[in-house]
Amino acid sequence: MLGLVNDFAKERVLAAQEFTELSARAFQNIFRSPHYLQDTIVQMDRIGFGSLPIVVLTGFFTGAVLALQMSKTLTTFGETSLTGQLVMLSLVRELGPVLTSLMVAGRNSSGIASELGSMVVSEQIDAMRALGTDPSKKLVTPRLIATVVMLPMLTIISDFVGLLGGFVTSFFIIRLNPSQYWYSAYHALAFEDIFQGLLKPFVFAFIVALVGCYYGLTTRGGTEGVGRSTTQAVVAASVLILVSDFFLTKILLWLLD
Amino acid sequence: MMETVSPQPAVEFDRVSLHFEEKTVLREVSFRLESGETKVILGPTGSGKSILLKLTMGLLKPNSGRIFVCGQQITGLSDEQMFPVRQQVGMVFQEGALFDSLTVAENVGYVFERMPQVGAEEAERRVREALRFVELEHTLELYPSELSGGMRRRVAIARALVSQPRIMLYDSPTAGLDPITATRIMTLLVKQRDATRVSSLLVTHRVQDAFWMAVHYYDPRQEKLLPVSQDGLRRDTRTRIVVLREGEFAFHGTVAEMAAQRDPYLQKFLF
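The listed protein sequences derive, respectively, from chains A and B.
Add 1086 to a position in the first sequence, counting from 1, and you land on the number used in my numbering.
Add 421 to a position in the second sequence, counting from 1, and you land on the number used in my numbering.
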């Protein structure tokens, strides 16, 4: 039993070490040639533009349901006019970055893991190395840069669409005055909120890209292994996003205070 | 064919061992692949044949021992430091390992991405030449998924030889192919060996591949393979056979020497 625990602990420590090494190498590659600009642009299109429909849908309905829930609570205090403010703050500070990152993780961490995993099992990664290309430069760094650039942008879009969703609910269901909604939303927003709201997706982007690449590149065991890596990538990325969100929020609140 | 033994071997393994966790894959393996020589490595699945090629290419590092490629010790080199060494080695992977998202021409010309000294026109000319060698010049713009299994292997051969390497590594190039296609692939390998005099390591589990390499030569005038004793002259194809058994060499010698062996393990390969 002790042996099993020992083996499991060793495995986890080794995985953490490999992940750190991969992350460090991917980051260093940003400053080392060759740079694969075309691959980065292709990944930006896949990760950014490709994720737009789910991000817009998630954002819109999150905003809409938030407004619905908030208005119900606020009616008790006769303060439905603050709906816009609450929707705005919840979205920008928390729900926008976290939900967008979770959606992108579900779509792209899995996509990256399965793509790289398939390349591993079909020996394409070995072939790449044999032909003189560093897979971390060619495959990991472009995906990292693309996610770091696109995820904050997707979050901004998601926040705005969410606000729009909140407005639709406020106007058509709660029957709130449009100017009241937008005025309270706009005036609630402070620099700290925007800073928090944009720093989080920036950090989460590292998780989404690197976790996907790590599980993809460490795939073992043929097509079954690819499936396992894909699932593990989504689970690990989602859990890491949620856990790091807590600590990031704690640090940011402490810093901004 | 004249046999010339260069003092510097193309590949040399010096007491190389490799373990994966508790399992020993190679145990104190030593051999020399002389310049212009071909070694056919036979062995059952899991005997460490493909590992031998990956160690030669520097894709895996041994736990102990030294490996020399073209006279340079590669055991302590990083991927970046390995690049000039790998430029002298072409490798054909088991299933071809072609890049799915690239066309045949892009796959074959991939190596030139890291060779700025080779201009675009020169690269294109060499890609066409390599594809012509494997008789697939018409597939330039196709994707690997549009090719048959045998065609994919031939493209992989073209990709390996496009940089005009001094050493060729073939990892089971005929595995899973029908006999006609397998013979076609073996014909290409003999043609490549005799046309360019490269040193080769061929991993296979088919003893007929080893015999094919050993008893045929390519005649450029007739543009076809002929048996080595075709005109009464016994040509030396400089082909030796190695049989691996559980990470160790069970046999190392010529086809004739192997055929004379009475070891039951080797007999299993022959019959």
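Each residue gets a CB set at the ideal place from its N, CA and C atoms; glycine is no exception.
Residue j beta carbon less than 9 Å from that of residue i
i          : j          : result
B/Val-490  : B/Val-513  : no
A/Ala-1191 : B/Val-510  : no
A/Lys-1223 : A/Arg-1118 : yes
A/Ser-1256 : A/Leu-1185 : no
B/Met-478  : B/Leu-590  : yes
B/Arg-614  : B/Met-634  : yes
B/Thr-445  : B/Glu-667  : yes
A/Gln-1282 : A/Leu-1188 : no
A/Leu-1249 : A/Pro-1287 : no
B/Ile-662  : B/Val-676  : yes
A/Asp-1093 : A/Leu-1175 : no
A/Tyr-1301 : A/Pro-1228 : no
B/Gly-469  : B/Leu-447  : yes
B/Ser-451  : B/Gly-497  : no
A/Ala-1323 : A/Val-1297 : yes
A/Thr-1148 : A/Leu-1172 : no
B/Val-525  : B/Leu-561  : yes
A/Val-1325 : A/Ser-1195 : no
A/Ala-1102 : A/Ile-1198 : no
B/Gln-508  : A/Gly-1218 : yes
B/Glu-433  : B/Ser-620  : no
B/Leu-646  : B/Thr-602  : no
A/Ala-1291 : A/Leu-1237 : yes
Burial state of residue i (16 or more Cβ within 10 Å)
i          : result
A/Cys-1299 : buried
B/Thr-466  : exposed
A/Trp-1340 : exposed
B/His-637  : buried
B/Ser-569  : exposed
B/Arg-683  : exposed
B/Phe-533  : buried
A/Ile-1116 : exposed
A/Gln-1210 : buried
A/Val-1234 : buried
A/Asp-1220 : buried
A/Leu-1100 : exposed
B/Pro-641  : exposed
A/Thr-1106 : exposed
A/Thr-1144 : buried
B/Arg-575  : buried
B/Phe-554  : buried
B/Arg-573  : buried
A/Ile-1327 : buried
B/Ala-541  : exposed
A/Asp-1212 : buried
According to DSSP, residues forming a beta bridge with residue i
i          : result
B/His-440  : B/Thr-445
B/Ile-462  : B/Val-624 and B/Val-663
A/Arg-1314 : According to DSSP, A/Arg-1314 bridges with nothing at all.
B/Glu-433  : B/Arg-453 and B/Phe-489
B/Val-636  : Paired residues: none, contrary to the question.
B/Tyr-591  : B/Val-513 and B/Leu-623
Helix, strand or coil at residue i [DSSP, three-state]
i          : result
A/Ile-1116 : coil
A/Arg-1193 : helix
A/Ala-1121 : What sits at residue 1121 of chain A in the sequence shown is His, not Ala. Coil at A/His-1121, not helix or strand.
B/Gln-741  : Given that chain B is displayed from residue 422 to residue 692, the structure contains no residue 741 of chain B and the question cannot be resolved.
A/Asp-1343 : coil
B/Glu-669  : strand
A/Arg-1300 : The residue asked about is misnamed: residue 1300 of chain A is Tyr in this sequence, not Arg. In this structure, A/Tyr-1300 counts as helix in the three-state DSSP scheme.
B/Met-536  : coil
B/Glu-516  : coil
B/Leu-647  : strand
B/Gly-674  : strand
B/Met-478  : coil
A/Ile-1327 : helix
A/Thr-1305 : coil
A/Gln-1103 : helix
B/Ser-522  : coil
A/Leu-1108 : helix
A/Leu-1090 : helix
A/Ile-1293 : helix
B/Tyr-531  : helix
B/Asp-684  : coil
B/Thr-608  : helix
A/Leu-1285 : helix
B/Ile-601  : helix
A/Ile-1133 : helix
B/Val-583  : coil
(request) Quick one: which unbroken alpha helix (DSSP H) runs of 4-plus residues sit fully inside the region 1139-1191 of chain A? Chain order, please. (result) Counting whole runs of 4 or more residues, the region 1139-1191 of chain A contains the alpha helix (DSSP H) stretches 1169-1175 and 1182-1190.
(message) In chain order, what are the residue ranges of uninterrupted alpha helix (DSSP H) at least 4 long that sit wholly in the region 1189-1248 of chain A?
(response) List check, alpha helix (DSSP H) in window: 1196-1207 and 1210-1216.
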